[in-house]
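Written out below as structure tokens is the structure these notes cover.
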Amino acid sequence: MTSISNNILTILNTKIYPGESKEIDFDVANLHTSSPINVPIIIERAKKPGPIVLFTAGIHGDEVNGVEIVRQLIASGINKPKIGTVICIPVINIFGFINLKREFPDGRDLNRVFPGSVDGSLASRVAHKLIHDIVPCVDCVIDFHTGGSGRYNAPQIRISKENRHLNELAKAFAAPFVLYSKNLNKSFRNSCYKLGKPMLLFEGGKSFHIDENITNHGINGAKRILKHLGMLNVKFTASKPKKDTVFINESRWQRASISGMFRATIAISSHVKKGEVLGNITDPYGKLNHEVKASNSGYIINVNESPIVYQGDALFHITTKLKR
Numbered sequence: 108m109t110s111i112s113n114n115i116l117t118i119l120n121t122k123i124y125p126g127e128s129k130e131i132d133f134d135v136a137n138l139h140t141s142s143p144i145n146v147p148i149i150i151e152r153a154k155k156p157g158p159i160v161l162f163t164a165g166i167h168g169d170e171v172n173g174v175e176i177v178r179q180l181i182a183s184g185i186n187k188p189k190i191g192t193v194i195c196i197p198v199i200n201i202f203g204f205i206n207l208k209r210e211f212p213d214g215r216d217l218n219r220v221f222p223g224s225v226d227g228s229l230a231s232r233v234a235h236k237l238i239h240d241i242v243p244c245v246d247c248v249i250d251f252h253t254g255g256s257g258r259y260n261a262p263q264i265r266i267s268k269e270n271r272h273l274n275e276l277a278k279a280f281a282a283p284f285v286l287y288s289k290n291l292n293k294s295f296r297n298s299c300y301k302l303g304k305p306m307l308l309f310e311g312g313k314s315f316h317i318d319e320n321i322t323n324h325g326i327n328g329a330k331r332i333l334k335h336l337g338m339l340n341v342k343f344t345a346s347k348p349k350k351d352t353v354f355i356n357e358s359r360w361q362r363a364s365i366s367g368m369f370r371a372t373i374a375i376s377s378h379v380k381k382g383e384v385l386g387n388i389t390d391p392y393g394k395l396n397h398e399v400k401a402s403n404s405g406y407i408i409n410v411n412e413s414p415i416v417y418q419g420d421a422l423f424h425i426t427t428k429l430k431r
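Sequential numbering from 108 applies to the sequence shown in our numbering.
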């Protein structure tokens with residue numbers, strides 16, 4: 108269970124006192140070989156009371172860039188706050204991470220089984236433990252993700268509309284883009300919302316890949332959040348973003364009209380005009396060269412980097428309506 112009383116934080120029956128550092132095992136099940144798996148929860152508490160922030164990554168085992176962001180927060184000491192508490196869980200889906208698989212061994216997507224069940228599937232049990240034994244004590248959550256299936260996401264924060272607190276946190280994080288999107292049923296974000304725990308979902312890069320630019324955006328955003336909450340250690344500074352954040356009300360996927368070999372020629376995060384050439388679809392025989400042209404003006408917030416595409420595959424995610 109999780110509780111905080113007299114400024115003593117109790118997580119999974121372990122007490123963490125002000126000014127203390129603790130590493131707690133978030134264990135749910137052994138491997139099929141009976142080998143134990145210890146998923147560390149790294150907790151840093153300042154002597155002075157303050158907010159409790161949870162940084163998570165690795166809900167999908169193939170999204171290693173999110174894991175790298177949280178790893179660097181820990182390795183550099185950014186997770187050691189001036190006030191309050193920082194909790195880091197770098198790899199939630201350790202079973203998928205071991206094999207670089209998105210899902211759990213039971214075939215389930217962890218981000219579609221929340222809030223989980225104590226006697227459900229393996230993924231459901233992990234979700235239940237996270238929601239019932241960790242999240243209740245925190246004040247906000249920053250969850251790091253990447254694009255999947257070869258699709259490269261521009262660094263962006265995803266939040267639901269009409270939430271002033273989330274808007275303030277998103278502005279503080281200052282990612283290049285903020286995409287307003289609905290909370291998906293049975294997702295980690297939706298379960299946090301129901302518990303009244305604000306979550307920023309960071310998306311950037313793609314699966315099976317560590318990208319220095321994306322990592323830097325995630326780390327800088329985390330520092331800005333901690334500064335916004337008065338928690339950032341005096342050893343660190345939170346840099347101002349080079350450009351203002353673009354808030355996106357609506358967007359659409361542009362899909363391939365034919366199958367073939369695909370190469371994008373436009374850079375991620377670029378602003379394009381309707382009719383501008385974004386890439387080419389060719390065949391292996393040198394007979395076909397189809398230009399993919401922007402169906403509307405907007406920012407490119409996702410690019411499909413797969414070399415082979417089929418008719419109907421998503422190629423680009425383009426903004427259609429910005430917040431004014």
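Beta carbons are placed, not taken as given, at the ideal position from N, Cα and C, and that holds for glycine. Owing to the predicted nature of the structure, the values given are computational and were not obtained by experimental measurement.
Asked, Found
"Sequence ranges, beta strand (DSSP E) only - wholly within the segment 223-275, length at least 3", "247-254, 258-266"
"Segment contact, 8 Å Cβ cut-off, at least three pairs: the segment 145-155 with the segment 270-281", "no"
"Whether R209 touches A230 by CB criterion (8 Å)", "no"
"DSSP-derived helix/strand/coil call for S298", "helix"
"Selected residue, minimal CA-CA separation from A345, among P262, R232, K154, L333", "L333"
"Own chain partners of L339 with C-beta closer than 7 Å, once the 5 adjacent residues on each side are dropped", "K189, K330, L333, A345"
"Every unbroken beta strand (DSSP E) within the segment 156-224, with a cutoff of 3 residues, ordered by chain", "159-164, 192-196"
"Beta-carbon spacing of H397, F309 below 8 Å", "no"
"Own chain partners of V225 with C-beta closer than 7 Å, once the 5 adjacent residues on each side are dropped", "R232, H235"
"Three CB pairs or more closer than 8 Å across the segment 355-374 and the segment 188-204", "no"
"Rounded C-alpha distance that separates L120 from E127", "A small fix is needed here, since residue 120 is Asn in this sequence, not Leu. If you take the alpha carbons of N120 and E127, they lie about 16 Å apart."
"Continuous beta strand (DSSP E) stretch holding T427: start and end", "421-429"
"Bounding residues of the alpha helix (DSSP H) (the contiguous stretch that carries K330)", "319-335"
"Sequence-distant residues of its chain with Cβ nearer than 7 Å to S364 (five each side left out)", "Q418"
"Alpha-carbon to alpha-carbon, Y406 and S377", "6 Å"
"Assigned exposure category for A164 - 16 Cβ within 10 Å defines buried", "buried"
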